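Peer 1:
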Amino acid sequence: MRLPENHDDAASLPARLRDAKAVTSELLSSVIASACRRFPSMGQPESTAQIERLMASEAWTDAVLALFGVELPQWQVRRIAYDEGEWYCALSRERELPDWLDQSIEAHHPDLALAMLCAFVDARLAGVPSSQTSVPAVPYDANASCALLCCDNFN
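Counting in the numbering used here, the sequence shown runs from 115 upward without gaps.
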């Protein structure tokens, strides 16, 4: 399987997936090209071949589940539910925690495979490190003159 040469921006993937009616090989290939870092897996060629076979046979739900195993090994499917015409998919890192303690990724779509793919992309985007650090940087001026000041009281 050849991936498309024009890689979509990963930030635009959630909107594309929400607007899609069904999974296609082009859509799944663009998700793999934009959001997958480990595919094709050199360490797991059988997983890569399995995903490609599932895509060729249009087994979209199974292909997305296989992508979870390759790309998000630390995430697990917490819940898949169908309610009022929509599929809901929740992914979690700590599946054994109660719902109110868990910080899961949830997505929904009328199509099951697209709901799972939306949750997959959201989990990938949540795992992307931000360009900013959690601690603000303090500017360092090497040319500034320093004056030492003793503030101790020796009475």
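Even glycine gets a Cβ: it sits at the ideal position worked out from N, Cα and C. Computed from a prediction, not measured in an experiment: that's the story for all the values here.
1) Cutting at 6 Å between CB atoms, please list the residues of its own chain near Cys203, excluding the five before and the five after it.
2) Could you say which of Asp225, Phe268 and Glu160 lies nearest to Glu198 if we only look at CA atoms?
3) Is the beta carbon of Ala237 less than 8 Å from the beta carbon of Trp201?
4) For Cys264, does the count of other Cβ atoms within 10 angstroms reach 16, so buried, or fall short, so exposed?
5) Which runs of the alpha helix (DSSP H) spanning at least 4 residues fall entirely within the region 176-223, listed in chain order?
6) When the Cα of Ala105 is compared with those of Asp216, Ser148 and Ala180, which residue comes out closest?
7) Buried or exposed: Trp83, going by 16 or more other Cβ atoms within 10 Å of its Cβ?
8) Taking a contact to mean a Cβ-Cβ separation below 8 Å, would you say Leu142 touches Ala170 in this structure?
9) Label Tyr196 either buried or exposed according to how many other C-beta atoms from any shown protein chain fall within 10 Å of its C-beta, with 16 as the threshold for buried.
10) From what residue to what residue does the alpha helix (DSSP H) around Gln158 run?
Peer 2: According to the structure data:
1) Ile194, Ala221, Ala229, Met230 and Ala233
2) Asp225
3) no
4) exposed
5) none
6) Since the first and last residues shown for the chain are 115 and 269, residue 105 lies out of range.
7) Residue 83 is absent from the structure shown; the chain starts at 115 and stops at 269.
8) no
9) exposed
10) Gln158 -> no alpha helix (DSSP H), and no H or E assigned at all.
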